[in-house]
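Add 228 to the 1-based position in the sequence shown for my numbering, that's all there is to it.
Here's the structure we're looking at; comments come further down.
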Amino acid sequence: MDECTRYAYDLVVSYKGDNTDFCKIIFDRIVELLAKYHLKANKGKTKIINLNISNHVKITGVNITRDDENNRGLSVDRKLKNELYNRAIKLCSTSNNKTPEWYQKAQSIRGLQSFVLGVEGKEYENTYSGEMINIIKTYGYDSLKELIDKTYDVSINSPK
229 MDECTRYAYD LVVSYKGDNT DFCKIIFDRI VELLAKYHLK ANKGKTKIIN
279 LNISNHVKIT GVNITRDDEN NRGLSVDRKL KNELYNRAIK LCSTSNNKTP
329 EWYQKAQSIR GLQSFVLGVE GKEYENTYSG EMINIIKTYG YDSLKELIDK
379 TYDVSINSPK
């Protein structure tokens with residue numbers, strides 16, 4: 229039986245400048261490195277985006293922005309941060325009934341939080357309204373991160 233495995237990974241390379249020749253040098257080097265592991269880059273999905281022309285671009289769920297001083301910043305869509313909040317609050321309200329499905333949802337929430345933290349750090353919570361923060365506090369936590377970390381510590385509490 230033939231076995232087929234697909235491996236996909238998104239790779240973003242960023243640098244200041246507008247030298248398109250440098251982009252080709254970088255891409256060629258990436259292709260060369262991938263070939264060592266018998267992997268190939270999908271040239272059809274390769275994009276070169278010049279942030280000197282566009283101040284904002286979204287790649288793999290991460291917003292890359294440029295300010296007036298040509299500094300780059302990373303952020304996650306507000307929609308995704310709100311989804312994290314809503315899913316965490318909803319599941320927290322059912323934390324007295326921890327079924328195997330509950331633990332799967334908890335792991336998913338922790339994974340989503342890890343992604344958001346990896347991009348923005350704890351500052352992601354600055355986008356939440358005072359009302360949203362007050363709801364977190366009704367559960368006895370000062371932040372969504374604390375609520376998720378303590379309520380969804382699946383490594384300690386999950387069923388075997």
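Using N, Cα and C, we set each Cβ at its ideal position, and we do this for glycine too.
So what's S342 in DSSP terms, helix, strand or just coil?
S342 sits in a helix when the DSSP states are folded into three classes.
So, using beta-carbon positions, are Y380 and R315 closer together than 8 Å?
no
Under 8 Å, do K373 and E351 count as touching if we go by C-beta distance?
Inclusion of K373 and E351 in the CB contact set at 8 Å is not warranted, their separation being larger than that value.
Any idea what DSSP makes of T389, helix, strand or coil?
Since the first residue of the chain shown is 229 and the last is 388, residue 389 is not available in this structure.
Using a Cβ-Cβ cutoff of less than 7 Å, which residues in the same chain neighbour L261 once the five nearest sequence positions on both sides are dropped?
For L261, where only same-chain residues beyond five positions count, there are no Cβ hits under 7 Å.
Would the segment 304-319 count as touching the segment 237-256 if we require 3 or more Cβ pairs under 8 Å?
no
Per DSSP, what are the beta-bridge partners of I363 in this structure?
Per DSSP, I363 has no beta-bridge partner at all.
Run of the alpha helix (DSSP H) containing K378, from where it starts to where it stops:
372-379
Does the distance from the C-beta atom of S303 to that of N291 stay below 8 Å?
Between S303 and N291, the gap from beta carbon to beta carbon is short of 8 Å.
Nearest to D203 by alpha carbon, out of S342, G245, D249, K271?
Because the chain in this structure spans residues 229 to 388, residue 203 falls outside the shown range and cannot be described.
From Y369, K333, I258, Y356, residue whose alpha carbon lies closest to that of K268
I258
For my contact list, T355 and R306 are in at a C-beta cut-off of 8 Å; report their separation, rounded to the angstrom.
Contact flag correct, Cβ pair sits at about 6 Å.
Around the Cβ of I390, are there at least 16 other Cβ atoms within 10 angstroms (buried) or fewer (exposed)?
Past the boundaries of the shown model lies residue 390; the chain is included only from 229 to 388, so the question cannot be answered.
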